[in-house]
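Working notes for the structure below.
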Amino acid sequence: MTSAAGWSAGYVTDTAYMRGYYPEQSPVQLALAALLMGVQTDLPGPSDEVSYLELGCGQGFGATVLAAANPGWRITAVDFNPAHVAAARRTAAELGLANIRFLEADLATLPEDPLMAEIPEADVASLHGVWSWVSPEVRGGIVRLLRARVRPGGLVHISYNALPGWQSALLLQRLVREAGRRLAHGSIEQARAGLDLVRDLMAAEADGLAKSTRVTDILRLLEKAAPDYIAHEYMNGCWSPCWHADVATDLAAAKLDYIGSARLLTNFNDLMLTEAQRAIANRFADPLMRELVVDACNEPTLRHDIYVRGTRRLSIGARDTALEAVTLALPMPPEEMIYAVTVPAGRASLNEAYYRPMIEHLAEGPCTVGELLALPALAGHARNPTEVVGMLLGSGQALALARPGTPMNNVSRHLNALTRTRYLNADTMTRPSAMACPALAGGLPTALAHFYVAERFAAAGGIDATGIDTEAWARQLAPADAPAEGIAALAKQMADEVRRHGRLWRWLGIA
Ligand SMILES: C[S@@+](CC[C@H](N)C(=O)[O-])C[C@H]1O[C@@H](n2cnc3c(N)ncnc32)[C@H](O)[C@@H]1O
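Convert by adding 245 to the 1-based position in the sequence shown; the result is the number in our numbering.
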């Protein structure tokens, strides 16, 4: 359901959007992607003077994590839903965060509003889950705002539902919204009623649904999705998935050039396309046409695109030097390293002779890509920092430390404790969230139950400490009536979490 007062222009406002942290929005991740694509940019650290702007920030969790982890940054986050802004401001006030401002404004009209004077020029701007869900008027306002407020050389992250990925499921969304509005009251109930109707039609063998494997996949995923997510995803009046080239054309009016994806592996055509597909893509020099071929071959439903306001290309040497300076940390024990990664083009093998010595070295502690490439065991191998950064970070088997050695700060500890106490309960243990962490200049994605494990681990004082009694921890966290097997299983999961992430928490100063 949209607002009775009509201010929402068809956008869902009767239920708040869930809190989430999305690494693709992190300025460090965006800068790394830009570097990989050979575009000049700096890796921002927590004390640098960075101005970050988020448009359509929801309840502001991601922006708050960035503000806590980066005291030097100035963050401005905008949303038109007063309930979202009120929740975001409350948390910021509770933390005493002075480097973040939440503005309540409609993006359709903000560029012409006096409030615009309060938005500083942005080094990085991000809009996640907004563009394909809002009206053409709002998109127009976003383009005018980006044109006026993104600094020359600044980066913009934009995610949106994409075509042709959504092509075979357009009917699904239309049915959910149209049927839901007629059958129930309130966005969450409407989405539920609409999805029930879709399932009934599938059972009755409606060709438009039953023949689409995409529809079947989406319905399976939605079984586990949060109701507020489904409402915001399916009940908006203006939802309209977009072609990449159309978004690029719209953003060109803000002098923004497309440079690549915030999902790092997506930037490697060798991983996204088979040899035959690559040969077709290579018939074109125009990046928009090549991207259309990539989308035709992979059909992503959500794109995470990065634009820059004025591209400055780096020489290969300058790019490699910048990438060699990046510090990596191993987020898991070395024996869990996966050397054959599944990618759209098939299986990408990471040459063990090349990567194993790096992983073993990283198991001892964070170090730069340059240090890894200089390992004696790698003598004779090509020095390829682009591949190392792309593959290790892109496959999630390394983390980039923006400023290694930066200690935790009080406000990040406070936010992490607040996230745990406010949102962790017996039903939310596995729900994803993120811990604020200055060494990462962002968030460490972590399930809510593991916030508690990290806290207890920090209090225990070390990996080999006798204070690590996960049985006792599990008893404290589990509901009072939990059966003994349930507590034992939770204790085992906690011990496993300490084994897998304890060292990382130490390196990051989290524990
Ligand atoms: C799907 S949510 C994404 C929230 C947040 N970016 C996140 O990823 O958690 C989209 C957000 O855009 C906001 N929004 C929609 N239309 C808007 C408009 N015209 N002006 C400002 N915000 C708007 C909604 O209130 C909602 O919080």
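Even glycine gets a Cβ: it sits at the ideal position worked out from N, Cα and C.
- H746 counts as buried, since at least 16 other C-beta atoms from the protein chains shown sit within 10 angstroms of its C-beta.
- Counting the other CB atoms within 10 Å of its CB gives W411 a total of 16 or more, which places it among the buried residues.
- Counting only residues of its own chain and dropping the five nearest sequence neighbours on each side, G386 has a CB closer than 8 Å to the CB of D351, L352, A353, T354, L355, P356.
- The DSSP assignment places 306-314, 327-340 as complete runs of the alpha helix (DSSP H) inside the region 281-354, in order along the chain (cut-off: 4 residues).
- Checking the DSSP bridge columns, you'll see R601 has no partner listed.
- Note on geometry: alpha-carbon atoms of A429 and A449 lie some 22 Å from one another.
- Inside the region 652-738, DSSP marks whole beta strand (DSSP E) runs of 3 or more residues at positions 677-682, 687-692, from first to last along the chain.
- It is roughly 14 Å from the alpha-carbon of E478 to the alpha-carbon of A438.
- Non-local beta-carbon contacts of L618 in its own chain, meaning distances under 6 Å to residues more than five positions away in sequence, involve R628 in chain order.
- When D726, E742, A717, A704 are compared, the shortest CA-CA separation from L693 is found for E742.
- In this structure, ligand 1 has no non-hydrogen atom nearer than 7 Å to the beta-carbon of D550.
- With fewer than 16 other Cβ atoms from the protein chains shown falling within 10 Å of its own Cβ, A624 counts as exposed.
- Your pair A723 and I732 checks out as a contact, with CB atoms roughly 5 Å apart and the cut at 8 Å.
- Closest in alpha carbon position to R558, among M582, D502, G754, is D502.
- Distance from the Cα of A705 is smallest, within the candidate group T675, Q738, I755, L669, for I755.
- Contact annotation: A645 and L638 have beta-carbon atoms nearer than 8 Å.
- In the three-state reduction of the DSSP assignment, I403 falls in the strand class.
- For V379, no alpha helix (DSSP H) encloses it, and the DSSP letter there is neither H nor E.
- Taking 8 Å as the upper bound for CB-CB distance, V310 and G687 are in contact here, some 7 Å apart.
- The region 587-638 is shown to contain whole beta strand (DSSP E) runs of 3 or more residues at 591-594, in chain order.
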